[in-house]
Every structure is written in C-alpha cells, then in structure tokens.
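A short write-up of the structure that comes next.
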Amino acid sequence: MSPQQKALMVPEKQGKLEVGSRNIPNPGTGELLVKVQSVALNPIDYHMVFLKHYPAVPGVDIAGIVEELGEGVENFRKGDRVLAHGAFNNDKAAFQQYTLTVASFTAKIPSNLSFDDAATVPVGLDTAVTSMYGEYPYGAGLTPPWAKSGSNDELKKPIVIIGGSSCVGLYVIQFARLSGFYPIIATASPSNEDLVKSYGATHFFDRHLPGNELKAAISKVTDSSICIVYDAISLQETQSMGWGLLAENGTLILTHDVLVKEDENKGRKAARAFGSPHAPQNQELSRGSWAMVEKWLSEGTIQPNKYEVLPNGLEGITGGLERLKNGQVSGTKLVAHPQET
Numbered sequence: 001m002s003p004q005q006k007a008l009m010v011p012e013k014q015g016k017l018e019v020g021s022r023n024i025p026n027p028g029t030g031e032l033l034v035k036v037q038s039v040a041l042n043p044i045d046y047h048m049v050f051l052k053h054y055p056a057v058p059g060v061d062i063a064g065i066v067e068e069l070g071e072g073v074e075n076f077r078k079g080d081r082v083l084a085h086g087a088f089n090n091d092k093a094a095f096q097q098y099t100l101t102v103a104s105f106t107a108k109i110p111s112n113l114s115f116d117d118a119a120t121v122p123v124g125l126d127t128a129v130t131s132m133y134g135e136y137p138y139g140a141g142l143t144p145p146w147a148k149s150g151s152n153d154e155l156k157k158p159i160v161i162i163g164g165s166s167c168v169g170l171y172v173i174q175f176a177r178l179s180g181f182y183p184i185i186a187t188a189s190p191s192n193e194d195l196v197k198s199y200g201a202t203h204f205f206d207r208h209l210p211g212n213e214l215k216a217a218i219s220k221v222t223d224s225s226i227c228i229v230y231d232a233i234s235l236q237e238t239q240s241m242g243w244g245l246l247a248e249n250g251t252l253i254l255t256h257d258v259l260v261k262e263d264e265n266k267g268r269k270a271a272r273a274f275g276s277p278h279a280p281q282n283q284e285l286s287r288g289s290w291a292m293v294e295k296w297l298s299e300g301t302i303q304p305n306k307y308e309v310l311p312n313g314l315e316g317i318t319g320g321l322e323r324l325k326n327g328q329v330s331g332t333k334l335v336a337h338p339q340e341t
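Heads up: the sequence shown begins at 1 in full-length UniProt numbering, then just goes up one per residue.
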C-alpha cells in the first residue's frame, strides 16, 4: 500500500472541504515530489470552477522541501527549498502535505526568504506576467522585461492599476516598474497608500473616487494617454471606471470575466487574465519568467506579499477562504502550514 498523507479535499461537487487521507504521489518525468511547508490562499480556491473530478484537492500556491526527483530533473536536488505554481490536478495541488510540482514552474527559495514569503509568490506573479506580457485575448502583449529586446520598451509611459493593494496588484506594480512605466498610478484604500508606494507605485489615489474625479486627478499627473489600465478587482464598476480612463487603442487588463463591450472603432481591447503557467498559451512565456524567479527574489527585484499565518494547518484553510470570500482580507495573503495538521 502506498504511503498516506493528509489532504484538504472537496468530496463531491458543491461539497464542503474536509481533511482526509490520500496516497503520496510519485514524481514522473520533469516533476519533483515536494513536502509542503506553506501554502497560500487565493479566490480561485473557493470558486473551485476548475475542479472536474472528485474528491478534489484545491490550492495552487506552494512552498516546501524537495523529497524526490523525477526523471530528467537536473537543476534541483533533495533538500532544496522551493516554491512552485500548482495545477488543477490532485497530485499537483497545494492543500496537502506532499505534492508534485513541474520543474519548469518551480524555483529555489533564496536564503533571505521564508517558506511563508515564498508561498505568496506563484499565483500573483504568474497572473501579472501572463496578463501583461501574454498575447491578447489573455494579455496586453507587452515585451517581457527579461527578453533581450525588452528593456525600457514602456519607458515613461503611464499605467493605471486599479486595486493596487491586492495580491495581484502588488505584483503588477513591480512588473510595471521593471518594464519602465512611469508614472505608476495605483488606486487602493487610503490605509494601503504606504503599502502600494513601498512596492513601486509613484502616485496613489483613493479607490473611492468617482471615475470622473479619478480621470481629472490623473490628468494632473500626466499629459500622456493611458494605454494600459490593469483592473485587479474587475467588478462591473471598476471595469467601467478603467474603460473610461483608457485611450484609443489601449488595453484594459482584467482578472475576471470581461463585462465591458470592446469597441472596434476606437480599437480598445479588454484582456482576460488566466494566470496558470500550465495553460498552453502561457507555457513558453512562463518558462522564461520562472527561470528568473530565484534571481528576482534574491536581489529584491520582486518582493513577496505580506502574509498572515492561519492556525491548525490544513483545517484552518476553510475559515481563511471564508474570510477571503467575504472581503475581510486586505493587503495581505493568508498562508497555512499543512505539516501542522
């Protein structure tokens, strides 16, 4: 009989999360078996729209220790501390004590970061990367800053980030800086002004400002047209606001379904983010960005999210997801420790 582990599972469609047991998987070619030390929670974990087979294990933000290497894995060894972006597949999901990760979307954790720091990185970083640098309709098609020809392509162009203090918004701010955008204009609650500026926003506006007032305020900051608006909240009202700020031929990047109507005569487009590096349209781009993750984190070029640790290991995740669902988390990421279950 295969060794068993504890996992947080949904037993059936629309069922309630519960801790149960399942086999520890074996790594295949290009995979690593990771003992999971820290996981981070995301809205997609309670939406569960990508779970097709039950019982199902959710979760995709992973940090842990390499236990075993699959065939063909060369850049890692047993005992390495790693972070990885999980997949919508029980053997590669986060909310369990052992999981498989794909080597291409796994990186070593530099010594300056904890497992909890690292667990806040994969989903936020990948959502920002794929939606900014991926091709339409999944992204704005910007040139990646790590590409040889990509330096300063967006130099001195403005960008507006609605929801700058969200977990994704904070990564967008950082990649906007890497891409040379200026000014980097972020909206958030007044209590998060210092937070968004510490991640690289050059200008801050209260998220409660009506659209016309925000537009007037931005016009005092820059005379340039706004060709990129990133709406990290993507509600009906924020999408409408972002659409109203956008110049002709600009792109509104969204983290949820598109609710605005694209207009051919002005050439404005709305791109819908899908941040999984495992998606066919994202794999090549994400291999390039994941090759940089350890360096970015080690040098402080990319900073992880702030976090709060949930108690009781896997059992504490359910309450954390409820808090996320009810909008009770701001400017931080919730993390849990599966080994403490």
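Glycine included, C-beta positions come from ideal geometry on N, C-alpha and C.
Model, not experiment: these values are computed from the prediction.
Terminal residues of the beta strand (DSSP E) in which residue i lies
| i | result |
| --- | --- |
| lysine 108 | 106-108 |
| asparagine 23 | 18-23 |
| tyrosine 230 | 228-231 |
Span separating the alpha-carbon of residue i from that of residue j
| i | j | result |
| --- | --- | --- |
| tyrosine 46 | lysine 269 | 29 Å |
| leucine 17 | proline 58 | 9 Å |
| leucine 252 | threonine 187 | 15 Å |
| leucine 142 | tyrosine 133 | 5 Å |
| lysine 220 | lysine 197 | 19 Å |
| glycine 64 | valine 19 | 20 Å |
| arginine 77 | proline 145 | 29 Å |
| glutamate 294 | proline 27 | 22 Å |
| proline 43 | lysine 325 | 7 Å |
| proline 338 | threonine 222 | 47 Å |
| leucine 334 | glycine 316 | 10 Å |
| proline 277 | arginine 81 | 20 Å |
| serine 330 | alanine 273 | 21 Å |
| alanine 119 | aspartate 61 | 6 Å |
| arginine 177 | glycine 200 | 7 Å |
| glutamate 193 | phenylalanine 88 | 35 Å |
| valine 102 | glutamate 12 | 27 Å |
| arginine 287 | methionine 48 | 25 Å |
| serine 191 | isoleucine 184 | 18 Å |
| serine 114 | glycine 79 | 15 Å |
| tyrosine 182 | leucine 155 | 7 Å |
| glutamate 248 | alanine 217 | 19 Å |
| residue 381 | glycine 275 | Only positions 1 to 341 of the chain appear in this structure, which leaves residue 381 out of reach. |
| glycine 250 | threonine 106 | 33 Å |
Boundaries of the alpha helix (DSSP H) in which residue i is found, first to last residue
| i | result |
| --- | --- |
| alanine 271 | Here alanine 271 belongs to no alpha helix (DSSP H); instead the beta strand (DSSP E) covers 269-272. |
| glutamate 237 | 236-245 |
| serine 131 | 122-133 |
| leucine 321 | 317-325 |
| phenylalanine 50 | First-last for phenylalanine 50: undefined, no H or E at that position. |
| glutamine 174 | 167-178 |
According to DSSP, residues forming a beta bridge with residue i
| i | result |
| --- | --- |
| leucine 334 | Glu308 |
| methionine 9 | Glu18 |
| residue 410 | The structure shown does not extend to residue 410, since the chain is modelled only from 1 through 341, so no value can be given for it. |
| lysine 35 | Ile65 and Tyr98 |
| valine 160 | Ile185 and Val229 |
| histidine 203 | Ile185 |
Helix, strand or coil at residue i according to DSSP, with G and I counted as helix
| i | result |
| --- | --- |
| valine 60 | coil |
| alanine 40 | strand |
| glutamine 4 | strand |
| threonine 301 | coil |
| leucine 252 | strand |
| aspartate 194 | helix |
| aspartate 116 | helix |
| threonine 263 | Note on identity: in this sequence residue 263 is aspartate, with threonine being the wrong assignment. It is a strand residue. |
| glycine 28 | coil |
| valine 221 | helix |
| lysine 329 | Reading off the sequence shown, one finds valine at residue 329, where the question assumed lysine. In this structure, valine 329 counts as coil in the three-state DSSP scheme. |
| asparagine 90 | helix |
| lysine 295 | helix |
| glutamine 339 | helix |
| leucine 209 | coil |
| serine 111 | coil |
| leucine 285 | helix |
| proline 280 | coil |
| glycine 139 | coil |
| glycine 275 | coil |
| tryptophan 146 | coil |
| leucine 155 | coil |
| lysine 215 | helix |
| glycine 72 | coil |
| glycine 313 | helix |
> Does the count of Cβ pairs from the region 227-234 and the region 157-171 closer than 8 Å reach three?
Replying inline: yes
>> Is it the case that the region 289-309 contacts the region 162-177, given that we only count it when at least three CB pairs across the two stretches are under 8 Å?
In response: yes
> Hey, is the region 234-245 in contact with the region 83-101, meaning 3+ C-beta pairs nearer than 8 Å?
Replying inline: no
> Three or more beta-carbon pairs under 8 Å between the region 280-288 and the region 260-267, yes or no?
Replying inline: no
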